[in-house]
Structures are given as structure tokens and as C-alpha cells.
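As they're listed, the protein sequences go chains L and G.
In this text, residue positions in the first sequence follow our numbering: the first is 12, and each later residue adds one.
In this text, residue positions in the second sequence follow our numbering: the first is 12, and each later residue adds one.
The structure appears below as C-alpha cells.
Protein chains: 2
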Amino acid sequence: MATIKEIANKLGIAVSTVSKGLNGASDISAEMRQLVLDTAVEMGYASKKMKATGTRKVCIFIENMDYENIEQFGYEIVVGFKLSAARRHWDVTVVPTNLNMQTAEKFDTYMLKNGYSGAFLLGFTLHDDWVWQLTKTTVPTVLLDNYIERNNHVGYVGTDNSEGIDLAVDHLNNLGHKNIAFLNGSKNSMVSEQRYQSFISSMTKHGLTADENLIEYGYYVPDCAKDHVPGFIRNGATAIMCASDLIASGVITEVVKHGLRVPEDVSVIGFDDLPIAASLTPPLTTIRQDRTDLGKSAFLLLDGLIHNVTISKLLLRAKFIQRESTAPCKSRDLSDL
Amino acid sequence: MATIKEIANKLGIAVSTVSKGLNGASDISAEMRQLVLDTAVEMGYASKKMKATGTRKVCIFIENMDYENIEQFGYEIVVGFKLSAARRHWDVTVVPTNLNMQTAEKFDTYMLKNGYSGAFLLGFTLHDDWVWQLTKTTVPTVLLDNYIERNNHVGYVGTDNSEGIDLAVDHLNNLGHKNIAFLNGSKNSMVSEQRYQSFISSMTKHGLTADENLIEYGYYVPDCAKDHVPGFIRNGATAIMCASDLIASGVITEVVKHGLRVPEDVSVIGFDDLPIAASLTPPLTTIRQDRTDLGKSAFLLLDGLIHNVTISKLLLRAKFIQRESTAPCKSRDLSDL
Chain L
12 MATIKEIANK LGIAVSTVSK GLNGASDISA EMRQLVLDTA VEMGYASKKM
62 KATGTRKVCI FIENMDYENI EQFGYEIVVG FKLSAARRHW DVTVVPTNLN
112 MQTAEKFDTY MLKNGYSGAF LLGFTLHDDW VWQLTKTTVP TVLLDNYIER
162 NNHVGYVGTD NSEGIDLAVD HLNNLGHKNI AFLNGSKNSM VSEQRYQSFI
212 SSMTKHGLTA DENLIEYGYY VPDCAKDHVP GFIRNGATAI MCASDLIASG
262 VITEVVKHGL RVPEDVSVIG FDDLPIAASL TPPLTTIRQD RTDLGKSAFL
312 LLDGLIHNVT ISKLLLRAKF IQRESTAPCK SRDLSDL
Chain G
12 MATIKEIANK LGIAVSTVSK GLNGASDISA EMRQLVLDTA VEMGYASKKM
62 KATGTRKVCI FIENMDYENI EQFGYEIVVG FKLSAARRHW DVTVVPTNLN
112 MQTAEKFDTY MLKNGYSGAF LLGFTLHDDW VWQLTKTTVP TVLLDNYIER
162 NNHVGYVGTD NSEGIDLAVD HLNNLGHKNI AFLNGSKNSM VSEQRYQSFI
212 SSMTKHGLTA DENLIEYGYY VPDCAKDHVP GFIRNGATAI MCASDLIASG
262 VITEVVKHGL RVPEDVSVIG FDDLPIAASL TPPLTTIRQD RTDLGKSAFL
312 LLDGLIHNVT ISKLLLRAKF IQRESTAPCK SRDLSDL
């Protein structure tokens, strides 16, 4: 860990100037401040500084995720995080981000400049600049649904996808389904990959064949159903598991368009249990991710990291919610189509 | 959840008698009390009662694990748990257990009778009676190194074995070792199974062959080295990874008995970083499990479960500790032996 003096030496400037840069004094230029901050980050000064400040400020960065009303995936996560943070007397700022912001400034510099002791990142993908930078960060950081190897300052919070998928397969297997299709989320996502692996191993565990013609990657939006449901139906699927409730809503629409009924001809299962799940026609059987608990757990994890408890992964239980979009399998006659 | 009245109805006794049984009043017989408690547990009354009591009492059950002095594996785990519990104003009782105790009374009944709101189980195996009962318990419970499927009241805390094993393989691979042996712990252990799987996948990831002649299960004691080290040496191992520091200490003794040197002829890596690791000859390169953090995290998890945050798994980072028991590979001439 560098000292202020070492930063001053490296830049050939006075210690007082470094101190002004770090503390955001108004009598140095913005360029000089940026230089001081970048150098401080580069020399590993960041976490030391943040521990020394008495402020208890953390932030939530959100990208590619709706969170502004209760219907949306991110809403309760943010609420849960804030609840737990408030109980421990931490201030939380929500900062919507985008690629420009990530290119403009390094993650550690942003955190140092704004005096945050830690961050929770929602909706980022493994391709985001800031996520790349997390392999080296010294700032306590929690990622939803993403995992960074070998950095003790970064933790991963999520739902146990493996148990979730297994609960869904178990349910369909008990209903007599054998030709189970799986419409996954987007390909470049750790969660999609976990769900794919979990689907294969749960099918195998249940003595069922995971047919490659019945497994597709889509996107986490209803619209992707159009591209894949026709193939699933042609290939004899009697049940379709979806990587999200939104995908499932698109699947139901598409199945009905083909003149088939949900659940009488094709059972459909979602994932997440968003508020819309219960109000679809028919109400959706799904795997619940408890989003308030995800938020609370993210704060627990972040609080641990800030206090040097190097938690790597924290997974919540997935809960099976049975509604009306699944029914016993009656083998479809393919000539119906 | 049953009410006191329902328990009374079921047993055909007065509500006041049920109440006395649940609260341990002295004017009913021990037999009647046991009957009331067993019935209450059976009818799902346990967790309700425990939530209603204002006492903040949890307990640690320990079996097959030494914890009484700082040299031993369990010591810092208990300390870490107590530290975190004290900070949140919970009382902790440490209860050494054995098979007799588990046979004498059901887990839930024991918890209800003693007014504990939750438990942390250390050193139990999947074959213990109480662990079997955990599939159905409604008492918030955390297991070290063991996982119970599909029960939202039970969580698993441990170290990320996969990353730990991968760090060790990475280190040996960088030193040029190819014939890497793995002396695992006992076979009926979830952790041993995880480490086995992790070893295979890490070797594969590094482009190395996991040779079945170089993989054995032992026990978590030094003595097991005698049975397996001779075979490893005969089969050309230049490095031996061990599932614990105690196993590694036995391995070093055994390697030396064969007229070979550690690390010049054979590199040895442990797991755990117990206090003895640094004082072995040579000081042991190992994978550290931070036991204080395991204890702290176990409490965090238990606190979550008590407050209905259904955490399933909480894993800590494994840390690579380089000392002097590993060195660059110089291929051994098998005719040396």
C-alpha cells in the first residue's frame, strides 16, 4: 500500500497537493486531481484511503436492469440491500451506469473519488470494462450473478440455479413429461451457463434424455420465444422450461399461436417469480428467486468484505411455485400440427 | 404450524399441561414433558415457539473435531462464531455431542427443550442421525462442510475447495510438475468428494493428466500416508497434494523414510494452514482455510436463517500460502529407489 508521500514522490509534486487531490479540495485543477487519483489507484492506495475515512457510504451500480417499479426484477433487490444497509447505518447511493461511464473512468478511481467503501453491481456482464477491472480491484465489491476468480475483495451473490432447475425438472418428471425443452437466456451469461449445466445434470439424474434439439439460448425477453418455440413443438416437446418469467410469457403466447393449449398440450415453467408470473394466463408455475433476500444478502456479503471476511460466494435457495401452467403429460400426436 | 390447543387436543390433555411441558415447569413429570415436546416437534410447533421466546440463544454442536486449543482445527471457528454472535448480542453455548446423544433425542426436540433459536454443527458427517433429520427440520441450522438439499432452514458454510485445489495445481504446474499425486481425506465426506472433482477438473484445465494410480482416499490423520505414499513414489509422483496439513505432515515423514528429500525430490502441499504447517520441516506450502472467518460467516448465515433469509451456501475464498515444501520439478530417476 502506497503512502501519500510515495504518491507525491512518484509524481514529483508536494505532499499537500496529493492530499488536496485525494480530498477534492477546490484549489487544484481538475486535471491534477484526476492525475493524483489515477496514480493513487495504480499504487494501491485506494482501499487504505477508504478504510481511513469515517464515512459509511456504499453504492449500487445498475446496468441493463429495470428497477424503478415493483414489477421489475431489480426493484426488490435494491430495497432489500437498502434495508440491510440502513439497519447497519450505511448510506446507499444508486448509480445507473452505462458503457460510456465505464470507459470514462476506472472503477477504482470512481470509488476513491466519491468516497464509497464498497459497491454492489447489478446487471453487468462479464464483458463490461468495470467487470474486467474487478480481477485487480482492492475495493470491496459484490456482483449479482457474476463471479471473479482469485480476488479476495470481490464476492458473488445469486440464487442456487442448480437446485432451482432441479426442482422444475423434478416437477415435470412427476407429471410424466419426458420431452422437456429448455429455452435459456443469452449465451454470454454465467447464469445461463449454470442453468444449462444444471438442466443437463438434472435430466440425467432423473433418467431423462436432454435432447440437444430441445435446448436453445435466447435472450431474457419474451420476444425470443418466436425463434425457438416452433422448433420445440415440431420436435415433440410436451413441456418447456424457461430461464425467466418474461421468456415464459413469450413462450405461452407462441404455443397458443400454434393452436396448442397451456398446460393441456404443453406445460410451461418460468424462472424468477416476478409479479407478472401470477397474472399471466394461465398463472405461471415458476422458480422463485427471492429478490429482497438477494439484496439483503448482497449487503451482508459486502459488509463482510469491508471487514476483511473474504466471502467468495453466497447462494440463496430457489423456491418452487406451483401455479397453473403445468399439467400431467398427455403425449401429443405430432400429426395435430 | 400447530397451536398449543391443537397439541393439547391431540394428546387429550389440558392446555395448561402442554404449556408447562413446553416451558419446563417442575410440576409435571419428565415423561409427560418429553411427550409434549415430541408431539410439539412432530406437529411443527418448534420454530414458532423459538421465534416467540425473547431469548437470544444459539448453540454450536461439535463432533469428531478438536477445538479446545489454538493448534486445533475447530478452535478459531468457535472463536469467530462467538465474536460475531456477541456483536449481535446472542449467547452461544458449545455442546460436544456423540452418537448416543443423537440417538437419545431428536434434534428438533433437543433444540426446543433447551430454547435455542438456531444451531451450528461442526464435524458431523452425512451419516449422523441428526444430519439425516435435518432434511425435515424447521430449526435454523448451519452445517460446516455439509449440504442438505431442499430445506430452506438449513445452510452450508465452507471454503471454496475448487478454487483452493486449483491454486495448488496452478503452483505445481508453474514449477514444472506433471506427475501430481493427490492424497484425499476419507471417502464418505462431501468435502473429499468436492476436492476430488476439483483436482480432476483443475488438472484437465492445466492440460495435465490426472492419473488414477496417483489418486487415493485416506483419512484426515498423518498415519494414512504410510498406506499410499510408497505407491505414489513407485508410480513416479514428483509432487503430492494432500487434503489436510495433518496428512501432509505424514506424507513428508514417509517421503523422507524412502530416502527422498522434500522439496528437492518430491514437493508436498497441504490444506487448511493449521498452526503446525509453518513449523513442519520443511515449512509447509498449503491452502489456507480462514477458520475465524468460517466461524464469523457461519454466524452471519445462521442470523440470516433465523430472520428468514434463506441462504443455501456461503463459501469463503481459499488462500494459497507458499512456504518451503514445494520446489521446481527435477524429474526423478525411478532407478534411485
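Where a beta carbon is used, it is the ideal one built from N, C-alpha and C, also for glycine.
Computed from a predicted structure; not experimentally measured.
- For L/Leu94, none of the residues of chain G pass the 8 angstroms Cβ criterion, the least Cβ distance being about 11 angstroms.
- In the three-state reduction of the DSSP assignment, G/Pro107 falls in the strand class.
- Chain-ordered, the chain G residues with CB closer than 9 angstroms to the CB of L/Asp171 read Ser323, Lys324.
- Following the DSSP letters along the chain, one finds L/Phe331 inside the beta strand (DSSP E) bounded by residues 330-332.
- For L/Thr264, the secondary structure class from DSSP, reduced to helix, strand or coil, is helix.
- Inclusion of L/Ser260 and L/Gly242 in the CB contact set at 9 angstroms is not warranted, their separation being larger than that value.
- Here L/Asp284 carries a coil assignment [DSSP, helix/strand/coil].
- In terms of beta-carbon proximity, L/Asn125 stays away from the interface with chain G, with every pair separated by 9 angstroms or more.
- In the DSSP secondary-structure assignment, G/Tyr127 is not bridged to any residue.
- The stretch 285-312 of chain G is shown to contain whole alpha helix (DSSP H) runs of 4 or more residues at 287-290, in chain order.
- Contiguous beta strand (DSSP E) elements confined to the stretch 141-172 of chain G occur at 152-155, 165-170, taking only those with 3 or more residues.
- Look at L/Lys341 here: in three-state DSSP terms it is coil, with no helix or strand label.
- In this structure G/Ala236 is not in contact with G/Ala192, their Cβ atoms being roughly 11 angstroms apart against a cut-off of 8 angstroms.
- Within the same chain, and ignoring the five residues on either side of G/Asn75 in sequence, the residues whose Cβ sits closer than 6 angstroms to its Cβ are Gly134.
- Between the alpha carbons of G/Ser200 and G/Tyr230 lies a gap of roughly 10 angstroms.
- L/Thr152 and L/Lys124 have their C-alpha atoms spaced approximately 16 angstroms apart.
- Under the three-state reduction of DSSP, L/Ser37 is assigned to coil, being neither helix nor strand.
- The residues Ile73, in chain order, have a CB closer than 7 angstroms to that of G/Pro107 in the same chain once the five nearest residues on each side in sequence are set aside.
- Taking CB atoms only, L/Lys330 has a neighbour in chain G less than 9 angstroms away.
- Contact of G/Lys307 with chain L by beta-carbon distance below 7 angstroms involves Val320.
- Interface criterion not met: the Cβ of G/Leu155 is under 9 angstroms from no Cβ in chain L.
- Closer than 9 angstroms at the C-beta level to chain L, one finds no residue of the stretch 283-300 of chain G.
- Proximity of the stretch 128-142 of chain L to the stretch 307-318 of chain L meets the contact definition, three or more beta-carbon pairs being nearer than 8 angstroms.
- Here DSSP, grouped into helix, strand and coil, assigns L/Met43 to helix.
- Under the criterion of beta carbons closer than 8 angstroms, G/Glu87 and G/Thr303 qualify as touching, at roughly 5 angstroms.
- Membership of L/Ala250 in any alpha helix (DSSP H) is not indicated; the residue belongs instead to the beta strand (DSSP E) covering 250-253.
- If the five residues before and after L/Asp102 are omitted, its C-beta is found closer than 7 angstroms to the C-beta atoms of Arg67, Lys68, all from its own chain and listed in chain order.
- Counting the other CB atoms within 10 Å of its CB gives L/Asp77 a total below 16, which places it among the exposed residues.
- Counting only Cβ-Cβ distances below 7 angstroms, G/Leu145 has no contacts in chain L at all, with the closest Cβ about 14 angstroms away.
- Look at the beta carbons and you see the stretch 181-197 of chain G touching the stretch 212-220 of chain G: at least three pairs across the two are nearer than 8 angstroms.
- L/Asp102 carries a strand assignment under DSSP once its states are collapsed to helix, strand and coil.
- With a cutoff of 9 angstroms on beta-carbon distance, G/Gly306 and G/Gly175 are scored as not near each other.
- Residue range 201-216 is occupied by the alpha helix (DSSP H) that includes L/Ser203.
- Residues of chain L whose Cβ lies closer than 9 angstroms to the Cβ of G/Asn163 are, in chain order, Arg328, Lys330.
- Judged by DSSP secondary structure, L/Ala19 falls within the alpha helix (DSSP H) whose first and last residues are 15-22.
- For G/Glu174, the nearest CB of chain L lies under 9 angstroms from its own CB, placing it at the interface with that chain.
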